[in-house]
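Input: a single structure, listed below in structure tokens.
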Amino acid sequence: GAVVSQHPSRVICKSGTSVKIECRSLDFQATTMFWYRQFPKQSLMLMATSNEGSKATYEQGVEKDKFLINHASLTLSTLTVTSAHPEDSSFYICSATSGGAVETQYFGPGTRLLVL
Amino acid sequence: RKEVEQDPGPFNVPEGATVAFNCTYSNSASQSFFWYRQDCRKEPKLLMSVYSSGNEDGRFTAQLNRASQYISLLIRDSKLSDSATYLCVVNGGSGTYKYIFGTGTRLKVLA
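For the protein sequence lines, the chains are E and U, in the order given.
When we follow this note's numbering, the leftmost residue of the first sequence carries the number 3, and every step to the right adds one.
When we follow this note's numbering, the leftmost residue of the second sequence carries the number 3, and every step to the right adds one.
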């Protein structure tokens with residue numbers, strides 16, 4: 003199957019700092035990437051949909067100024083958590099799809115963020 | 003009502019048992035259906051897509067009932083390695099690649 007990587011896999015930061023997470027599709031061009039957040043014992047919640055070359059579409063309740071998404075190329079999307087606070091501590095997972103008739107999303111390994 | 007509903011479990015079953023998970027979805031416009039498996043602290047991994055005609059992959063069988071908006075997953079001859087959370091996933095409707103995840107059903111296969 004297609005490979006999606008995420009970096010970093012784990013990050014610990016102080017409250018108020020910004021954290022950037024990268025999501026890369028390694029062997030295919032991802033026209034659409036998705037960013038999810040998962041809190042303990044809960045399901046994945048979609049935060050935003052990222053299309054290459056255009057602005058991300060955010061889900062209701064997700065602050066676009068807090069979670070900055072950039073999808074500058076067909077293989078890279080970044081999520082920046084600005085001025086992170088302890089309540090932003092979570093498991094952030096990206097996924098990518100090549101679009102067209104194939105709708106399967108391929109997930110990255112996730113980034114575990116802990117804000118102290 | 004949640005868009006995708008699953009019994010969270012946990013289901014504790016002995017090795018070799020057959021176990022079935024169910025899932026209901028609310029959006030009748032959904033076109034694609036999947037079962038994903040998620041191990042603790044890992045990303046979801048595609049187990050199988052679900053088709054109206056039903057599909058089987060080894061010990062795993064998935065069924066879709068569009069009229070009842072219901073999806074099932076059957077695991078036969080459970081292995082210890084099947085222990086995981088099984089996520090029912092439905093796409094957001096025609097023309098979208100968005101996935102809607104259920105909360106997942108935890109399975110623990112006991113020796």
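Ideal Cβ placement from N, Cα and C applies to all residues, glycine included.
Classification of residue i by the beta-carbon crowding that lies within 10 angstroms, buried from 16 upward
i	result
His87 (chain E)	exposed
Thr19 (chain E)	exposed
Ser80 (chain U)	buried
Asn67 (chain U)	exposed
Ser30 (chain U)	exposed
Gln8 (chain E)	buried
Leu109 (chain U)	buried
Gln107 (chain E)	buried
Pro10 (chain E)	exposed
Cys25 (chain U)	buried
Gly104 (chain U)	buried
Asn14 (chain U)	exposed
Beta-carbon proximity of residue i to residue j, cut-off 8 Å
i	j	result
Tyr38 (chain U)	Leu89 (chain U)	yes
Arg39 (chain E)	Ser92 (chain E)	yes
Pro12 (chain U)	Leu112 (chain U)	no
Ala22 (chain U)	Leu76 (chain U)	yes
Gln65 (chain U)	Ser51 (chain U)	no
Met35 (chain E)	Ser100 (chain E)	no
Phe109 (chain E)	Glu45 (chain U)	yes
Thr113 (chain E)	Ile14 (chain E)	no
Leu48 (chain E)	Lys47 (chain U)	no
Asp29 (chain E)	Ala4 (chain E)	yes
Residue i: contacting residues in chain E (beta-carbon distance under 7 Å)
i	result
Lys100 (chain U)	Leu48, Thr51
Asn93 (chain U)	Glu105
8 Å Cβ cut-off: residues of chain U touching residue i
i	result
Gln44 (chain E)	Thr105
Gly63 (chain E)	What Gly63 (chain E) touches in chain U: nothing, since even the nearest Cβ is about 15 Å away.
Residues bridged to residue i [DSSP beta-bridge criterion]
i	result
Phe69 (chain E)	E:Val83
Tyr88 (chain U)	U:Arg39, U:Thr107
Ala98 (chain E)	E:Met35, E:Tyr108
Neighbour list for residue i in chain E, Cβ cutoff strictly below 9 Å
i	result
Leu48 (chain U)	Gly3, Thr106, Gln107, Tyr108, Phe109
Amino acids of chain E, ordered along the chain, whose beta-carbon sits closer than 8 Å to that of residue i
i	result
Ser34 (chain U)	Glu105
Leu82 (chain U)	Those do not exist, as Leu82 (chain U) stays about 22 Å from chain E at its closest Cβ, beyond 8 Å.
Leu89 (chain U)	Ser45, Leu46
Partners in chain U for residue i, counting only beta-carbon separations shorter than 9 Å
i	result
Gly112 (chain E)	Arg43, Lys44, Glu45
Ile95 (chain E)	Glu45, Pro46
Gln99 (chain E)	What sits at residue 99 (chain E) in the sequence shown is Thr, not Gln. Here the neighbours are Tyr99.
Per-residue contacts from residue i into chain U (C-beta, under 7 Å)
i	result
Thr34 (chain E)	Tyr99
Q: Could you tell me which uninterrupted beta strand (DSSP E) segments, each at least 3 residues in length, are contained entirely in the segment 9–38 of chain E, listed from first to last along the chain?
A: 12–15, 21–27
Q) In chain order, which beta strand (DSSP E) runs of at least 3 residues are fully inside the segment 41–80 of chain U? A) 46–52, 57–59, 62–67, 72–77
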